[in-house]
Amino acid sequence: AGRFAAGGAGLVIMESTKVERRGCGTVGDLGIWKDEFIPGLKRCVEFIRHNGAVPGLQLGHSGRKARRFRPWEGGAPLAPSPDIDDWEAWELVSASALASPASDPTPRALSREEIPRVVEAWGEGARRADEAGFEVLEIHGAHGYLIHQFLSPASNRRNDEYGGSELNRMRFCIEVVEAVRARWPARKPLFLRLSVEDNAGWGPEQSVALARIVKGKGVDVIDCSSGGMTGAPVVSAGPVGYGYQVPYAERIRREAGIVSMAVGLIVHADQAEAILQRGQADLVALAREVLYNPNWAMDAAQKLGLDRDFASVPPPQAYWLAKRASSVKGVVPSTFQKGMQS
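Under my numbering, residues 337 to 678 are what the sequence shown spells out, in order.
Okay, structure coming up:
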């Protein structure tokens, strides 16, 4: 996270920090289900802030997607091992007892009595995030994880007030938003990430309806992604290419009247700027592209002519970069190339 902050990013969000032990997707997941985790998270906050960015945190729960190998290790379900001393506590739970794919272990459907405790875990995660000093909080409700498992009819076959109708399937997400907002200060922004379309029964119309509801519950931004329910990593109405999910952010912004964030193969500086200038989204998020180039934000500001003095990066870097730019005329940085709009 620190290298992205030092690279000029305005906001750095630490991804999918789990609100319950059983919500961990892999053995490497970060957690926030205990107060003992707060001091370590504070150090992360201080490091991000020291390098000039706003520190943010994403709260998550994997549900039936928990207890797996890391993606680069194949992502398959784990088996009991002496190396995992709390296997029974690391339980697979979901809206319904449906495996996906069918060859995976079947999760246990959360009981009606358990659901308030899970909702409370999200609220307590928000409290701990605030105590750690984070300034932005995002609820991960996308990509086939627990909240999405309640939203989508492909994974929710309940016959109580948390299943059946669209509004009932939204209920768990709405209650999580309420619990989080109750503990997250009103002055601090709250984001909600959604798979706006999952090709499994949840789509843009439902996402717009949910966005309107949660806007009234204190959500400030909808982070507009897609997919993750049926195994497909992405969903797109057209070919997957640069900015393929931007239309989702544009529709949520227009029809729900809420601030939206675009994500997904946003690579070039002029591409990102065009999304904002056209009013397709209010914010642009990058993930894999900043893994490729952690200095993307500084680089984009240079290409757009917005930061000739390198003020977007910490002073030591800014000093040497500005010195080179002023003393050696005509030097072209290695990352400069024609962008999307050229």
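All C-beta atoms, glycine included, are put in the ideal place defined by N, C-alpha and C.
Check                                                                                                                                                                                 : Outcome
State the start and end residues of the unbroken alpha helix (DSSP H) segment that holds Y663.                                                                                        : Contrary to the premise, residue 663 reads as Ser rather than Tyr in this sequence. Element bounds for S663: 651-663.
Below 8 Å CB to CB, which residues in the same chain sit around V544 once its five sequence neighbours on both sides are set aside?                                                   : R587, I588, E591, A592
Taking only three categories from DSSP, how would you classify F527?                                                                                                                  : strand
Can you find the residues in the same chain that come closer than 7 Å, C-beta to C-beta, to P413, ignoring five residues on each side of it along the sequence?                       : R403, R404, D440, P441
Please report the residue range of the alpha helix (DSSP H) in which A598 lies.                                                                                                       : Where A598 is concerned, there is no enclosing alpha helix (DSSP H), although the beta strand (DSSP E) it sits in stretches over 595-598.
With the cut-off set at 9 Å, would you say D645 and A654 are in Cβ contact?                                                                                                           : yes
Terminal residues of the continuous beta strand (DSSP E) containing E351?                                                                                                             : 347-354
So that I know if they touch, is there some Cβ in chain B lying closer than 9 Å to that of E460?                                                                                      : The chain labelled as chain B is not found in the depicted structure, where only one protein chain is given.
Quick check: what's the CA-CA separation for V455 versus A345?                                                                                                                        : 32 Å
Could you pull out every residue in the same chain whose Cβ sits closer than 6 Å to the Cβ of D422, ignoring the five residues on either side in sequence?                            : none
Could you give the DSSP three-state label for Q394: helix, strand or coil?                                                                                                            : strand
Would you mind sorting H386 into buried or exposed? The rule is 16 or more other CB atoms within 10 Å of its CB.                                                                      : exposed
Can you tell me which of the three DSSP states D645 falls into?                                                                                                                       : coil
Quick check: the Cα distance between L473 and S417, rounded to an integer number of angstroms?                                                                                        : 34 Å
In the stretch 505-556, which residue ranges form an unbroken alpha helix (DSSP H) of at least 4 residues, counting only runs that do not cross its ends?                             : 540-551
For a test of the three-state rule: what should DSSP assign to Y559, helix, strand or coil?                                                                                           : Here the sequence assigns Asp to residue 559, which means Tyr is not the residue at that position. Three-state DSSP puts D559 in a strand.
Report back the beta-carbon spacing between H476 and S352 to the nearest angstrom; my notes put them in contact at under 8 Å.                                                         : 6 Å
Could you check what DSSP says for A457 in three-state terms: helix, strand or coil?                                                                                                  : helix
Measure the Cβ-Cβ separation of G392 and L347 and say whether it is below 9 Å.                                                                                                        : yes
Using a threshold of 9 Å, state whether the C-beta atoms of R517 and G554 are closer than that.                                                                                       : yes
How many angstroms separate the CA atom of G461 from the CA atom of F373?                                                                                                             : 10 Å
Can you tell which of P443, T362, S562, V390 has the C-alpha that lies nearest to the C-alpha of P525?                                                                                : V390
Give every residue of the same chain whose Cβ lies closer than 6 Å to the Cβ of F340, excluding the five residues on either side of it in the sequence, and list them in chain order. : V348, V626, P630
Would G564 and G579 qualify as a contact pair, given that the criterion is a beta-carbon distance under 9 Å?                                                                          : no
With a 10 Å radius around its C-beta and 16 neighbouring C-beta atoms as the bar for buried, classify V425 as buried or exposed.                                                      : First, the residue type needs correcting, since residue 425 is Ala and not Val in the sequence shown. So A425 ends up on the exposed side.
Flag E474 as yes when its Cβ comes closer than 8 Å to any non-hydrogen atom of the ligand NAD, and as no otherwise.                                                                   : Ligands displayed in this structure: none; no statement on the ligand NAD is therefore possible.
Mind checking whether A342 and V649 have CB atoms under 9 Å apart?                                                                                                                    : yes
Within this structure, are the beta carbons of P489 and A536 separated by less than 9 Å?                                                                                              : yes
Just mark G480 as buried or exposed, buried being the case when its beta carbon has 16 or more other beta carbons within 10 Å.                                                        : buried
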